[in-house]
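Read through the structure below, which is laid out as structure tokens, and then see the notes.
Numbering (the working numbering), first residue to last: 24 to 114.
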């Protein structure tokens, strides 16, 4: 998750690239940072429940955490457009 999630967040034409005034590098740096923080904050739960809940479920939980943290961290760089204001466009 630590390497895959940031690359998904920051691919061309993604929400996290198009809706924030950041370079590809800035996007990746922030996505790496928030993913690392989210993984660390959920580490104990992931280790205890990964087999029971599955990797997909934990990927979604970490992704949601990282997406929210990215939004908060870069709120001053966010673009105010109808597309960017629709949370359904996160994916």
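Glycine included, every Cβ here is placed at the ideal spot set by N, Cα and C.
Since we're looking at a predicted model, the values are computed, not measured.
Legend entry - Backbone CA spacing between residue 28 and residue 81 [nearest angstrom]: As a working mapping, residue 28 is identified with position 5 in the chain shown. As a working mapping, residue 81 is identified with position 58 in the chain shown. Cα to Cα, the separation comes out at about 12 Å.
Legend entry - Identity of the residue in 51, 63, 105 nearest residue 142 by Cα: This structure cannot speak to residue 142, because the chain is shown only from 24 to 114.
Legend entry - 3 or more residues per run - each beta strand (DSSP E) lying fully within the region 46-106: Along the length of the region 46-106, whole beta strand (DSSP E) runs at least 3 residues long do not occur.
Legend entry - Proximal residues to residue 100 (C-beta, below 7 Å), its chain only, five neighbours per side dropped: Stepping through the chain shown from its first residue, residue 100 is reached at position 77. Excluding sequence neighbours, residue 100 sits near 43, 44, 45.
Inset, instruction - Report the option in 39, 37, 65 whose CA atom is closest to the CA atom of residue 24. - result: The residue labelled residue 24 in the question sits at position 1 within the chain shown. When each option's Cα is compared against that of residue 24, the closest is 65.
Inset, instruction - Please name the residue, chosen from 61, 68, 67, that lies closest to residue 90 on a Cα-to-Cα basis. - result: For the purposes of this step, residue 90 is identified with residue 67 of the chain shown, where counting begins at 1. Taking the Cα of residue 90 as reference, the smallest distance to any Cα among 61, 68, 67 is reached at 61.
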